[in-house]
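Novice: Quick one: this structure, given as structure tokens, is what I'll be asking you about.
Numbering (the numbering used here), first residue to last: 1250 to 1664.
Written out as structure tokens, the structure is:
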């Protein structure tokens, strides 16, 4: 039998990679708390219609990338490809639409069957934030500011650029849609097959096309800015004014669009040049129509999501490996006393391990490989005297420490 390997597009998080992953999540969780967001956890699979409604039947995610299956009861289920739809479903099914606003942070694995590439996997992890129930431009600015704060906490803000656009209100989008249909209809003979389908079902999705021929046509397509209503223009102006107050620099990028009807007003991406062509590290926008589309009432909402793996790749400072105090038994010390010391140190929050079988030299070599900060020698003689040898693995110096000092203030002993 050939050796068992991870499924294509998946990977194990071990050692430094796991520490980088944890640093991203922990920083985001801390910033979310500062901004008043509560963490929600939803199942990793939902009814398929949760995502087909939210992402649209013509999207690449729904038509080509979702992991969908029928369970033993014949129900169509899907491993979640993104987090927003599940949060909106949870808002409705837990009857929280009467308790607005809700400020939600989430993190966890997502699943898409796409071509694996740098920083992009078939099972990947996201952090995300959703502010549900606030319609003001200030809410958009606050959510963007929170995303910027997460990037700053990770030390990567200086390597990214905030690109910002408006999708206007419903009236603006209707006028824009009509102009796009007229424009793309003149290029029917040059559009890809996928875009021809989208022209009939959802022409805004053509703007997201990755086909090179389509992209050349999209480059000269009508822009939303030409169709903004006065109300949509006011929202757009106020958002940018709020970002100026927050001190967040941005670049207006008309090419950032979202193809589904429930998206409106704000759309944004934090992008970098340090990850090649796949430069977006955090992206979001306003989606006032999604909760209603999923069976709830009209609930304005704004949010973002970011890929943990991609953010982890941007970290300049490697999270340090944890350091342990390793207890090495000398001779045959009483095991009850040995375990008492072991647990006594752990109760004080000291990361403590025990050196198992082997010659003393081998145990010391293993302690060095374990990145031990100190070695504590425990033998029959040390237990009888109540004094223990402690070796500092950095300096090589040794000292004797009393049992009382170890049990009362181990943090000072191993500082």
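Glycine included, each C-beta is placed from N, C-alpha and C at the ideal position.
The alpha helix (DSSP H) that contains residue 1438, what's its start and end?
Specialist: Unbroken run through residue 1438: none, as it is neither H nor E.
Novice: Name the residue from 1535, 1475 and 1580 whose alpha carbon lies nearest to the alpha carbon of residue 1385.
Specialist: It is 1535 whose Cα lies nearest to the Cα of residue 1385.
Novice: Pop quiz: residue 1409 and residue 1519 are said to be a contact at Cβ under 8 Å. What is the actual Cβ separation, rounded to whole angstroms?
Specialist: The Cβ separation is near 5 Å, so the contact holds.
Novice: Can we say the segment 1598-1606 touches the segment 1426-1443, given the rule of at least three CB pairs closer than 8 Å?
Specialist: Too few Cβ pairs lie closer than 8 Å, so no.
Novice: State buried or exposed for residue 1672, treating a residue as buried only when at least 16 other CB atoms are found within 10 Å of its CB.
Specialist: Because the chain is modelled from 1250 through 1664, residue 1672 falls outside the range shown and cannot be assessed.
Novice: Just list the alpha helix (DSSP H) runs in the segment 1374-1443, keeping only unbroken ones of 4 residues or longer that don't cross its boundaries, in chain order.
Specialist: Complete alpha helix (DSSP H) runs here, min 4: 1386-1402 and 1419-1434.
Novice: Quick one: give me the first and last residue of the alpha helix (DSSP H) that residue 1333 is part of.
Specialist: Unbroken alpha helix (DSSP H) run through residue 1333: 1333-1342.
Novice: Going by C-alpha distance, which of 1492, 1530 and 1474 is nearest residue 1513?
Specialist: With distances taken between Cα atoms, residue 1513 lies closest to 1474.
Novice: Helix, strand or coil: which one does DSSP assign to residue 1552?
Specialist: Residue 1552: strand per DSSP, three-state reduction.
Novice: Label residue 1588 either buried or exposed according to how many other C-beta atoms from any shown protein chain fall within 10 Å of its C-beta, with 16 as the threshold for buried.
Specialist: Residue 1588 should be labelled exposed.
Novice: Determine the closest residue to residue 1332 out of 1533, 1467 and 1418, with distance taken between C-alpha atoms.
Specialist: It is 1533 whose Cα lies nearest to the Cα of residue 1332.
Novice: If residue 1590 sits next to residue 1627, beta carbons under 8 Å apart, how far is it from one beta carbon to the other, in whole angstroms?
Specialist: Sure, about 6 Å apart at Cβ, within 8 Å.
Novice: Kindly indicate the opening and closing residues of the beta strand (DSSP E) around residue 1514.
Specialist: Unbroken beta strand (DSSP E) run through residue 1514: 1513-1520.
Novice: Whole angstroms is fine: what's the gap from residue 1570's alpha carbon to residue 1660's?
Specialist: So the alpha carbons of these two residues sit roughly 18 Å apart.
Novice: Is residue 1477 helix, strand or coil by DSSP?
Specialist: Three-state DSSP puts residue 1477 in coil, outside helix and strand.
Novice: Using DSSP with H/G/I as helix, E/B as strand and the rest coil, what is residue 1304?
Specialist: Reduced to three states, the DSSP call for residue 1304 is helix.
Novice: Residues bridged to residue 1365 by DSSP?
Specialist: Its beta-bridge partners do not exist; DSSP assigns none.
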